[in-house]
Amino acid sequence: MEFAGKVALVTGSAAGIGRAVVLELARQGAAVALADLDQVGTERVAAEIQAQGGRCMAYRVDVSQESGVAAAIADIVSRCGRLDMLVNAAGFLRYTPVAELSMADWKRMIEVHLMGTFLCCREALRPMKSQKAGSIVNFSSGLGAKGAKNAAHYAAAKAGIVGFTKSLAMEVAADGIRVNAVAPGPIDTALLRRDATEEEFAAEVRNREKTIPMGRIGVPEDLVGPCLFLLGEMSRYVTGQTIHINGGGFFLG
Ligand SMILES: NC(=O)c1ccc[n+]([C@@H]2O[C@H](COP(=O)([O-])OP(=O)(O)OC[C@H]3O[C@@H](n4cnc5c(N)ncnc54)[C@H](O)[C@@H]3O)[C@@H](O)[C@H]2O)c1
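Position one of the sequence shown corresponds to residue 1 (full-length UniProt numbering), numbered consecutively onward.
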C-alpha cells in the first residue's frame with residue numbers, strides 16, 4: 001500500500017492505459033480522481049474502484065479546456081487537501097497524410113496532447129509546490145522518437161511532450177516535484193484498434209509483432225509498473241526522463 005494517504009489524478013482514465021493505472025493506484029491505497037471526456041466510461045471505472053473499496057472522484061473533463069482542468073484540480077484539492085500525483089494519459093490517434101491534414105485536425109492533436117499535458121501540469125503545480133512534493137508522469141509515444149508516416153501531427157505532439165517534460169523537470173526539481181514521461185510502443189487499446197475489424201486488427205498485430213523482440217504487442221497492464229515506479233518513492237532520484245516501454249521494439253524501428 002505504498003500510495004495509502006496519497007491523492008492521484010489520472011487523465012484518460014475511462015479506458016485503456018489510464019484505466020489500468022488508476023485501478024492499480026486505487027488498489028494500492030491512493031484516493032484517485034478520474035478525468036476523461038467519456039463520462040459513461042469514467043462512471044464505469046469509478047464504479048469498479050468503489051466496488052474494490054477504493055476512494056475516487058470522477059470528472060468529465062476535456063484536457064484541452066483551461067477552465068475545466070482548473071476546476072477539476074481545484075475541486076480535488078478542496079476535497080482532499082492535496083494532490084500528490086498526476087498522470088497525463090488522455091489522448092487519441094488518427095492517421096492522415098500531411099498533404100491532407102486540415103488546420104483543425106492539426107490543432108486538435110496538439111491541443112489535446114501537448115496543450116492538455118501543459119494545462120494539467122500547470123494546475124497541478126499549485127498544490128504540489130505548496131506541498132513541496134509531487135510526481136508527474138506524461139504520456140509520450142515511441143512514435144514521438146521514431147516519427148510516423150501519416151501521423152506527423154501525433155508524432156510532433158508526442159515529441160513535444162518529451163521536451164516539455166525535461167524542461168518542467170528542471171524548473172520544479174527544487175520544489176521537490178519530479179516530472180517524467182513514458183513512451184509506449186503499440187499497446188492493445190481502442191486507440192490502436194480504431195475502427196479496424198477483429199480480422200484487420202489481428203493482421204496488423206501479426207505485422208507489428210515481427211518487429212518486437214519480445215514477440216507481442218503490449219497490453220495496458222504493461223504500463224502499470226513503469227508508471228507506478230515513476231510516481232512512487234522507488235524513483236525518488238529520477239526526473240526529466242522518458243522510459244520507452246515496447247518489448248524491445250524501439251531498436252528495430
Ligand atoms: N495504445 C498505444 O498503442 C499507445 C502507444 C503510445 C502512446 N500511447 C498514448 O497512451 C495514452 C493512453 O492511450 P490508450 O492507448 O490508453 O488510449 P484509449 O483510447 O484506450 O484511452 C484514451 C482515453 O483518453 C480519453 N481522451 C481523449 N481525448 C481526451 C480529451 N481531450 N480530454 C480528456 N480525455 C480524453 C478518451 O476518452 C479515452 O478514455 C495516450 O496519450 C496515447 O497517445 C498509446
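Here a beta-carbon is modelled for each residue, glycine too, at the ideal position from N, C-alpha and C.
So what's residue i in DSSP terms, helix, strand or just coil?
{"i": "Met57", "result": "strand"}
{"i": "Leu143", "result": "helix"}
{"i": "Asp75", "result": "helix"}
{"i": "Ala133", "result": "coil"}
{"i": "Val32", "result": "strand"}
{"i": "Gly18", "result": "helix"}
{"i": "Gly218", "result": "strand"}
{"i": "Pro184", "result": "strand"}
{"i": "Met1", "result": "coil"}
{"i": "Asn246", "result": "coil"}
{"i": "Thr11", "result": "strand"}
{"i": "Asn150", "result": "coil"}
{"i": "residue 289", "result": "The chain is shown only over 1 to 253; residue 289 falls outside these bounds and no answer can be derived."}
{"i": "Val224", "result": "helix"}
{"i": "Val238", "result": "coil"}
Is the beta carbon of residue i within less than 7 Å of some heavy atom of ligand 1?
{"i": "Gly16", "result": "yes"}
{"i": "Ile187", "result": "yes"}
{"i": "Phe92", "result": "yes"}
{"i": "Pro226", "result": "no"}
{"i": "Leu192", "result": "yes"}
{"i": "Thr239", "result": "no"}
{"i": "Phe201", "result": "no"}
{"i": "Leu23", "result": "no"}
With a threshold of 8 Å between beta carbons, is residue i in contact with chain B?
{"i": "Thr197", "result": "In summary, chain B is missing from the structure at hand, where a single protein chain is found."}
How big is the Cα-Cα spacing for residue i and residue j?
{"i": "Arg126", "j": "Val172", "result": "11 Å"}
{"i": "Lys107", "j": "Leu191", "result": "19 Å"}
{"i": "Gly91", "j": "Gly12", "result": "7 Å"}
{"i": "Gly160", "j": "Thr197", "result": "32 Å"}
{"i": "residue 295", "j": "Phe3", "result": "Residue 295 is absent from the model: the chain starts at 1 and stops at 253."}
{"i": "Gly253", "j": "Lys158", "result": "Annotation note: pLDDT 46 at Gly253 (below 50); position unreliable, coordinate value reported separately. Approximately 17 Å, taken between the alpha carbons."}
{"i": "Gly225", "j": "Ser235", "result": "12 Å"}
{"i": "Gln28", "j": "Gln52", "result": "11 Å"}
{"i": "Cys121", "j": "Glu66", "result": "11 Å"}
Would you please state the rounded distance, in angstroms, between the beta carbons of residue i and residue j? I believe it to be under 8 Å.
{"i": "Ala30", "j": "Val61", "result": "Ala30 to Val61, Cβ: 19 Å. No contact."}
{"i": "Gly176", "j": "Gly142", "result": "Going by Cβ atoms, the distance from Gly176 to Gly142 rounds to 30 Å, so no, they are not a contact pair."}
{"i": "Ala155", "j": "Gly163", "result": "Actually they are not in contact, since the Cβ atoms of Ala155 and Gly163 sit about 13 Å apart, beyond 8 Å."}
{"i": "Cys56", "j": "Val32", "result": "5 Å"}
Exercise. May I ask you to verify whether the segment 132–148 touches the segment 70–88, counting CB pairs closer than 8 Å and requiring at least 3?
Key: Contact between the segment 132–148 and the segment 70–88 is present, because at least three Cβ pairs lie under 8 Å.
Quiz item: Three or more C-beta pairs closer than 8 Å, one from the segment 8–18 and one from the segment 218–232: is that the case here?
Solution: Taking 8 Å as the limit for Cβ pairs, the verdict is that the segment 218–232 does touch the segment 8–18.
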